[in-house]
Amino acid sequence: MLQIRNLTSVFPTDSGMIKAVNGVDFHLKQGQIVGLVGESGCGKSATMLSILRLLPHPGKIIQGEVLFEGEDLLKKPLSEMRKIRGRKISMIFQDPMTTLNPVFKVGEQIRESMVIHGFFKKDGWNGFDFFRRRRKRKEIDKVISLMEEVGIPSADLRYYDYPHQFSGGMQQRALIAIALACNPRVILADEPTTALDVTIQAQILDLLRRINEEHGTGIILVTHDLGVAAEFCHEIAVMYAGRIVERSKTDDIIEDPKHPYTQGLLKSIPRIVKHKQKLYVIPGSVPDLLQMPPGCAFAPRCVYAIKKCKEKNVPLTEIEEGRYVRCINYI
Amino acid sequence: MARLQEKVLTSNFNFKESPFKIKYRKYLHAAVDILSRLKKYPLAFVGLIVLVVYFLMAVFAPFLCPHDPAESNISIRLKPPIFLGGDWSNPLGTDSIGRDLLSRIIYGSRVSLLIGVITVSISVVVGSSLGAVAGYFHGRFDALLSRLADLLLAFPFLIFTIGAMAFMGPGFWNLIIALSFKSWVEFYRLVRGEMLSEKNKEYVEAAKALGQNDFTIILSEIMPNIFHSILVLATLRLGYLIVAEASLSFLGLGVPPEIPAWGSMIQSGKNHMMNAFWISTLPGMALVVLVLSINLLGEGLRDILDPRLRID
Amino acid sequence: MSEPLIEIKNLKKYFYKKPSILARTLARKETEEIKALDGVDMQIFDGETVGLVGESGCGKTTFGRTILRLYEPNDGKIFFKGRDITRTPQSELKGFRAKAQIIFQNPYSSLNPRKTVREILSVPLKKAGVVNPAERNWRIYELLNRVGLNPRHIDLYPHQFSGGQRQRIGIARALAMRPKFIVADEPVSALDVSVQAQIINLMEELQEQYDLTYLFIAHDLSVIYYVSNRVVVMYLGKIVEYAETAELFEHPLHPYTNALLSAIPIVDKKQRRKRIILEGTVPTPVNPPKGCRFSTRCYRKKGKICEEVIPPLKDVGNGHMLACHLY
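Chains as they are written, first to last, in this note's numbering: chain A, 242 to 572; chain B, 71 to 382; chain C, 1450 to 1776.
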């Protein structure tokens, strides 16, 4: 349904081009949940923003295709793009407090976004609006039912609350309500639970999964938490320094990671198991995106690196059915 | 191998540097850093150069002046400046009692800059120390002082100073007292506000956990972080205070009439606006250029130093 | 059992939010009392790591700072090596400050941005009585080496380091006075997974080498499981459960602990527990529930008793402490 091909975005700076997203390929099928996992600065959020063409200035997309229902979003005029954002593809951000406007009532903000996206159809002539009050009442009822659907208790009262009267989890629910308002085909969730506590995180993820199951909405979940991705996603793509290094079914990637980076990452999370082992540490640190090594970006830290790794970059290759790895050892 | 590595590292590690030298170098680095970044703000850079020229002019006034600024010669009164047909003995003409305007303008810069700088320094010292203490301890003292500050801010600055000067009589130090009496409030409010936000940061807590006492924390931990904002405000206030001084001198409430000051010069030319406009206009222009360049510099500094506007 | 390094008895810390004069007189608003810590008892023994978990706003950060006397406790007692330090004036706490240190969560705000690493590390060394600059420089060199930083970076500013490196500077600062006890307030939660592993390993090495005692505060249960010997679970300013790590993770008794454990996202399929999804959110500490703090969200509530009587912290066998009416 959503297919991203060779997407490349750059941020020009004084000291050179930063390739935040470097030839990213992946796709999202109908009703699927794909996790985009990686450490901070690996380009996960930039990928999300590139899909909706919302990269902040001076970032720009220089290459690639984003095919949504067969059409390339990158070639669309901005006016059409605006119609797609929120209506067909919507986004949930990490920090709900800064995304909601503090001076408007939460319910009104949800209604507002539904009005903007033309959810409430006005038919024919609407010069004099005699039934404004009645119409508004209907809209409010619709918003309240939506708020109930995302699990905001006593929604009819909370409609009139301001964002600061909501707790973090409730704010995130309100944002999900906004994202859900037009029944989009795809939801891009950028670290939706990072700012929340574990028990609240469980609630929100549960809600997202329910939405996915009931409406068949595709979800791309950006997260740094491998645990969240493992429990929640059908498929996982691991990003490193702007590139996807491994992508496959969740169980495959967790039980049998192929790429050395994924292996390292999985070994370095503390686990709840009987016998404690010393945590594995990936040697070295993330490369500077300004001075990317010519070959594999992970080669300087990789234990299996051979001479060839540092010379040329390998493409993401399918090694088994549905398993893609970007590593020379599997070619 | 590991030992060799350690040896290499130790050889690069500088043991001998004395703390004094390090500190001194640190400030030098900071100054060079600011200057090099000013290059990206050409207007501010021009402002800085003009300001330096004015300072040099004030310092070397006796060597630059063609005449004694107090010396009057009725026979050459109301002589026009050189670009209006005057001659080189009085390049900017003379005033109504035949004093050389150029010399008087050069000497006038001394008063303006001296009063501006002294007043700003007093305000910075008084305002920041009170603000730091009030913001850090945030108790009764703060409540009391903040109400006093509100009270002072409720008076219009100039009217307040005129009243004070009328009460105390003209004089160099009286003027400084009258001007500083209110202008510390700005610094008080700035430092207090920054202190309130800064003191809750974790590095302050870390210093507390190490057993630093409160005054060391204020001086050596927090103040260096507020210093930049103080510097920016001080520059912007300097221009304002110079204008205030000129206004008071214009009204005859500033420095005593025997000291040449731009404000009183503008006043003395008021009656000759029709036949000898340069007597008022030239000192006025000197004032405008100085204040403008100070403001340009101040705004440039704000862009460079104020962390809220800065993108690192 | 030997004498505990730190003993805390009935520790209380309230914050007060005083409305302005106008609100007090016109709107009759009263001073709000935020009960951040409401009677906490704990013992920390030499050389162990005590993990402290709980959701945000449960008072875990306040607890860490109060036992270090960074906040003044309202009530209760703090004993350090058997000495009561609850009311010792700050100026006489010198010995305690040298022995008890803190590592902060945010590696960005916990280092003074205008100081170089040398200056940051000089402060504790001066406090520890290293007056000679050459000797101090040598100690700084040692410290930097110990925490895995290149000593050549001694004159750099914090913003020139990455998050993990800054956290190492923070650890070096805490270590400089050769402390016995360190409160680690979410030291890894702001870091990436791979950096997190580095810092955890470093902290474990240091513990072995210097015989340190940690109070490890975190919200990530897998990290807590990995580092601690004993785990304390807090909810709304009170301890709800307290046991050896293995015991707590294998036989959690309190409904809140159960819910918390089930909510952690786990990578391995086999390890996953049946998820218990709690209703609602944590009530405000301004106006906590009258009885058991958890009674508003509890899914195994017994009845009236839970809402009215505060359950005491009782031993339910082999050092497993629990505050619940169910047992």
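All C-beta atoms in this analysis are idealised placements derived from N, C-alpha and C, irrespective of residue type, glycine included.
Got a sec: which bits of the stretch 1711-1729 of chain C sit with their beta carbon under 8 Å from any beta carbon on chain A, in order along the chain? 1711, 1712, 1713, 1714, 1715, 1716, 1717, 1718, 1720, 1721, 1724, 1726, 1727, 1729
Assess contact between the stretch 1541-1548 of chain C and the stretch 1515-1531 of chain C, defined as three or more Cβ pairs (one per stretch) separated by less than 8 Å. Is contact present? yes
Considering only their Cβ atoms, is the gap separating residue 1649 of chain C from residue 279 of chain B smaller than 8 Å? Mapped onto the second sequence, residue 279 of chain B falls at position 209. Mapped onto the third sequence, residue 1649 of chain C falls at position 200. No.
Quick check on residue 98 of chain B: buried or exposed, where buried means 16 or more other Cβ atoms within 10 Å of its Cβ? What you label residue 98 of chain B is simply residue 28 of the second sequence in a count that begins at 1. Flag for residue 98 of chain B reads exposed.
Is the beta carbon of residue 1489 of chain C sitting closer than 8 Å to the one on residue 1668 of chain C? Within the third sequence, the letter at position 40 stands for residue 1489 of chain C. Within the third sequence, the letter at position 219 stands for residue 1668 of chain C. No, the Cβ-Cβ distance between residue 1489 of chain C and residue 1668 of chain C is not below 8 Å.
Using only the alpha-carbon positions, how far apart do residue 243 of chain B and residue 133 of chain B sit? Working through the second sequence from its first residue, we reach residue 243 of chain B at position 173. Working through the second sequence from its first residue, we reach residue 133 of chain B at position 63. Residue 243 of chain B and residue 133 of chain B have their alpha carbons spaced roughly 26 Å apart.
Which residues in the same chain as residue 1612 of chain C place their Cβ atom closer than 8 Å to its Cβ, once the five residues preceding and following it in sequence are excluded? As a working mapping, residue 1612 of chain C is identified with position 163 in the third sequence. Contacts found: 1556, 1557, 1639, 1640, 1641, 1644.
Among C:1597, C:1751, C:1663, C:1618, whose alpha-carbon lies nearest the alpha-carbon of residue 1634 of chain C? By 1-based counting over the third sequence, the position of residue 1634 of chain C is 185. Among C:1597, C:1751, C:1663, C:1618, the Cα nearest to that of residue 1634 of chain C belongs to C:1663.
Got a sec? Which residues, its chain only, sit under 8 Å from residue 314 of chain B by beta carbon, not counting five neighbours each side? As a position in the second sequence, residue 314 of chain B is number 244, starting the count at 1. So the list reads 227, 228, 231, 249, once near-sequence residues are dropped.
Unbroken stretches of the alpha helix (DSSP H), 4 residues or longer, contained in the stretch 1670-1710 of chain C: 1670-1676, 1694-1699
Member of A:283, A:278, A:275, A:313 whose CA lies at the smallest distance from the CA of residue 293 of chain A: For the purposes of this step, residue 293 of chain A is identified with residue 52 of the first sequence, where counting begins at 1. Checking every option, the nearest Cα to that of residue 293 of chain A belongs to A:313.
Is there a C-beta anywhere in chain C that falls below 8 Å from the one on residue 517 of chain A? Here the question's residue 517 of chain A lines up with position 276 in the first sequence. Chain C contact via Cβ: present.
Could you work out which residues of chain C lie near residue 450 of chain A, taking near to mean beta carbons separated by less than 8 Å? Here residue 450 of chain A is taken as the residue at index 209 of the first sequence, counted from 1. Near residue 450 of chain A there are no residues of chain C at all, since even the closest Cβ is about 11 Å away, more than 8 Å.
State the DSSP-derived secondary structure class of residue 331 of chain A, mapped to helix, strand or coil. The count along the first sequence starts at 1 and reaches residue 331 of chain A at position 90. The answer is strand: DSSP assigns residue 331 of chain A an E or B state.
Would you say residue 334 of chain A and residue 300 of chain A are within 8 Å of each other, going by their C-beta atoms? Start at 1 with the first residue of the first sequence, and residue 334 of chain A comes out as number 93. Start at 1 with the first residue of the first sequence, and residue 300 of chain A comes out as number 59. Not in contact: residue 334 of chain A and residue 300 of chain A (Cβ atoms no closer than 8 Å).
State the DSSP-derived secondary structure class of residue 456 of chain A, mapped to helix, strand or coil. As a position in the first sequence, residue 456 of chain A is number 215, starting the count at 1. In the structure shown, residue 456 of chain A sits in a helix (DSSP, three-state: H, G or I).
Length of the line joining the Cα atoms of residue 165 of chain B and residue 350 of chain B: Indexing the second sequence from 1 puts residue 165 of chain B at position 95. Indexing the second sequence from 1 puts residue 350 of chain B at position 280. Their Cα atoms are separated by approximately 9 Å.
Counterpart residues of residue 1549 of chain C in DSSP-defined beta bridges: By one-based count along the third sequence, residue 1549 of chain C stands at place 100. Answer is C:1630, bridged to residue 1549 of chain C.
Identity of the residue in A:297, A:507, A:481 nearest residue 493 of chain A by Cα: Here residue 493 of chain A refers to the residue found at position 252 of the first sequence. It is A:507 whose Cα lies nearest to the Cα of residue 493 of chain A.
Residues in the stretch 260-280 of chain B having any Cβ partner in chain C nearer than 8 Å: 271, 272, 273, 275, 276, 277, 278, 279, 280
In angstroms with no decimal places, state the Cα-to-Cα distance between residue 287 of chain A and residue 385 of chain A. As a working note, residue 287 of chain A is residue 46 in the first sequence. As a working note, residue 385 of chain A is residue 144 in the first sequence. If you take the alpha carbons of residue 287 of chain A and residue 385 of chain A, they lie about 33 Å apart.
In this structure, what does DSSP give as the bridge partners for residue 254 of chain A? Taking the first sequence and counting its residues from 1, the one referred to as residue 254 of chain A is at position 13. Beta-bridge partners of residue 254 of chain A (DSSP): A:257.
Does residue 81 of chain B come within less than 8 Å of chain C when only Cβ atoms are used? What you label residue 81 of chain B is simply residue 11 of the second sequence in a count that begins at 1. The predicted position of residue 81 of chain B is uncertain, since its pLDDT is 43 and thus under 50; a value taken from the coordinates is nonetheless stated next. With 8 Å as the cut-off, residue 81 of chain B does not count as an interface residue toward chain C.
So which residues on chain B does residue 1731 of chain C lean against when the C-beta distance must stay under 8 Å? Looking up residue 1731 of chain C in the third sequence gives position 282. Within 8 Å Cβ-Cβ: nothing; residue 1731 of chain C doesn't reach chain B, min ~23 Å.
Step through the CB atoms of chain B and report whether any lies within less than 8 Å of the CB of residue 1550 of chain C. The residue labelled residue 1550 of chain C in the question sits at position 101 within the third sequence. At least one chain B Cβ lies under 8 Å of residue 1550 of chain C.
Looking only at C-alpha atoms, which of B:285, B:106, B:117, B:256 sits nearest to residue 358 of chain B? Start at 1 with the first residue of the second sequence, and residue 358 of chain B comes out as number 288. For the residues B:285, B:106, B:117, B:256, the minimum Cα distance to residue 358 of chain B belongs to B:117.
Counting contacts by CB-CB distance shorter than 8 Å, is residue 256 of chain A in contact with chain C? In the first sequence, residue 256 of chain A corresponds to position 15, counting from 1. Not an interface residue.
Drop a sphere of 10 angstroms on the beta-carbon of residue 1753 of chain C, count the other beta-carbons inside from all chains shown, and report buried for 16 or more, exposed for fewer. Within the third sequence, the letter at position 304 stands for residue 1753 of chain C. Residue 1753 of chain C comes out exposed.
DSSP-derived helix/strand/coil call for residue 1765 of chain C: The residue given as residue 1765 of chain C occupies position 316 in the third sequence. Residue 1765 of chain C falls in the coil class under three-state DSSP.
Distance, Cα to Cα, residue 1717 of chain C vs residue 1674 of chain C? Position 268 of the third sequence, counting from 1, holds the residue named residue 1717 of chain C. Position 225 of the third sequence, counting from 1, holds the residue named residue 1674 of chain C. So the alpha carbons of these two residues sit roughly 15 Å apart.
Under 8 Å between C-beta atoms of residue 472 of chain A and residue 1714 of chain C: Position 231 of the first sequence, counted from the first residue, corresponds to residue 472 of chain A. Position 265 of the third sequence, counted from the first residue, corresponds to residue 1714 of chain C. The answer is yes: Cβ separation under 8 Å.
Spatial neighbours of residue 1735 of chain C in its chain, beta-carbon cut-off 6 Å, leaving aside the 5 residues before and after: Within the third sequence, residue 1735 of chain C is the residue found at index 286, counting from 1. Closer than 6 Å at Cβ, skipping near neighbours: 1481, 1483.
Could you pull the start and end residues of the beta strand (DSSP E) that residue 478 of chain A belongs to? Reading the first sequence from its first residue, position 237 is the one you call residue 478 of chain A. Here the beta strand (DSSP E) through residue 478 of chain A covers 476-481.
If we count Cβ pairs, one from each stretch, closer than 8 Å, do we get three or more for the stretch 1535-1542 of chain C versus the stretch 1572-1580 of chain C? no
Please report whether the beta-carbon of residue 295 of chain B lies at a distance below 8 Å from any beta-carbon of chain C. One-based indexing of the second sequence puts residue 295 of chain B at position 225. At least one chain C Cβ lies under 8 Å of residue 295 of chain B.
Got a sec: is the Cβ-Cβ distance from residue 384 of chain A to anything in chain C below 8 Å? For the purposes of this step, residue 384 of chain A is taken as the residue at position 143 of the first sequence. Taking Cβ atoms only, chain C never reaches closer than 8 Å to residue 384 of chain A, which makes this a no.
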